[in-house]
Amino acid sequence: MKFSHFNSVQSLAIVGATGLVGREFLSILSENGIRIPRVKLLASERSVGELIEFLDDDLVVEALTPESFEGIEVALFSLPIGATRKYVPLAVEAGTLVIDDSSTFRMEEDVPLVVPEINAAILRDFDGKIVATPNCSTTPVAMCLKPLSDTYGVKRVVISTYQSVSGAGARAYEELSRQTIALLNGAVEEGEVFAHRIAFNCLPQIGGALENGNCDEEEKVGRELRKILDLPDLRVSATTVRVPTFCGHGVSVNVELEQDFSNIDLVRELLDGFPGLKVLDEPKNQIYPTNVEAIGSDLTLVGRIRRDTSVDAGLNFWTITDNLRKGAALNSLQILDVVYNYRRMS
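The C-terminal residue of the sequence shown carries number 430 in our numbering, and the numbering is unbroken.
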């Protein structure tokens with residue numbers, strides 16, 4: 085992934101810098117050789133003083149305080165909701181542009197929810213101070229649905245997610261590691277992050293249970309897809325599952341289209357031609373995307389593309405992406421690039 089427009093940023097704060105997404109921000113910036121005159125790493129008190137390598141320098145983690153944003157042009161946030169609600173308004177008050185990875189502001193009417201390949205144009209005349217990036221399971225599904233919606237129309241979507249533990253943060257990542265080691269050595273280690281053991285197990289609930297029977301994550305996916313795709317009446321049914329993988333969110337997707345397609349190869353070409361998507365789909369040769377291909381990739385991968393014969397215009401497919409990259413950090417940096425491109429053009 086190449087960025088060409090936000091190299092004029094003079095000061096950047098990474099808020100939640102010691103977390104998995106925070107470190108991914110730095111990794112992507114380093115890979116692309118992007119040098120910003122002032123990069124400020126902010127985290128909780130327990131991380132203060134930690135050194136994090138960035139390009140040819142070691143950056144010192146500073147404490148996140150109400151005064152942290154003075155003189156900061158852009159802040160990339162990846163914090164829990166409570167801390168986000170506290171510190172984002174302070175950043176905005178300081179004149180900082182915020183790109184937020186949490187769910188805190190996603191559904192607010194005046195906050196754009198952006199996947200640049202889909203709806204970058206809504207940032208053309210944007211003069212606000214907060215842009216939201218979607219849930220890491222919403223993004224790959226939205227990217228696949230966009231070309232389908234534009235070509236055939238979409239009536240209904242049913243999804244089942246296979247979400248890695250890194251989507252729940254560094255402590256969850258470490259919990260899976262510890263529990264796996266313990267089980268392989270004949271012991272059992274109880275969990276603290278998850279309600280049940282995650283090693284060699286699948287947990288069919290992400291977030292709190294709601295009165296309608298859904299969990300938080302399932303509701304998020306539906307709401308966010310409607311907003312990103314500008315399809316307020318889109319019917320979405322989701323089941324979200326945490327699986328014992330370290331990175332990569334996979335999604336099984338069933339779509340009922342408004343118009344039928346004549347040939348499944350046309351659907352493959354349509355998806356493969358959409359920016360950021362890559363089709364790997366030769367199941368006879370065991371070729372389809374897995375976590376192995378997804379981790380470290382900037383692409384959203386698609387496979388197992390086939391007709392659903394139970395409805396007139398049905399389609400099944402599997403998609404997977406690196407949830408720390410396109411699902412979070414990469415998407416935020418792409419948003420920043422788009423914003424600065426439009427500013428350059430104005």
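Note that the Cβ used here is the ideal one computed from N, Cα and C, for glycine as well.
Can you give the Cα-Cα distance for Asn219 and Leu110, rounded to whole angstroms?
-> 20 Å
Does the beta-carbon distance from Val339 to Val238 come in below 8 Å?
-> yes
Cβ-based neighbour list, Thr235, same chain, cut-off 7 Å, excluding 5 preceding and 5 following | Leu354
Give the secondary structure of Tyr424 by DSSP, where H, G and I count as helix, E and B as strand, and everything else as coil.
-> helix
Status (buried if at least 16 other CB within 10 Å, exposed otherwise) for Gln370 | exposed
For Gly398 and Asp185, the rounded distance between their alpha carbons = 33 Å
Short check: CB of Phe189 to CB of Leu174, under 8 Å?
-> no
Sequence-distant residues of the same chain with beta carbon closer than 6 Å to Val93, five excluded per side = Ile120, Glu157, Val158
Drop a sphere of 10 angstroms on the beta-carbon of Gly411, count the other beta-carbons inside from all chains shown, and report buried for 16 or more, exposed for fewer.
-> buried
Quick one: what's got a C-beta closer than 7 Å to Tyr426's C-beta in the same chain, skipping five residues either side?
-> Only residues of its own chain outside the window of five on either side were considered, and among them Leu207, Arg208 have a CB closer than 7 Å to the CB of Tyr426, listed in chain order.
Taking 8 Å as the cut-off, decide whether the C-beta atoms of Ser248 and Gly332 are in contact.
-> The answer is yes: Cβ separation under 8 Å.
So what does Ser321 bridge to, in DSSP terms?
-> Val242
Tell me, please, which residues DSSP counts as bridged to Leu361.
-> Thr384
Specify the secondary structure class of Arg391 as computed by DSSP and reduced to three states.
-> strand
Return the CA-CA distance between Gly306 and Asp141, expressed in angstroms with no decimal places.
-> 42 Å
Along the chain, which unbroken stretches of the beta strand (DSSP E) at least 3 residues long are found entirely within the region 268-337?
-> 319-326
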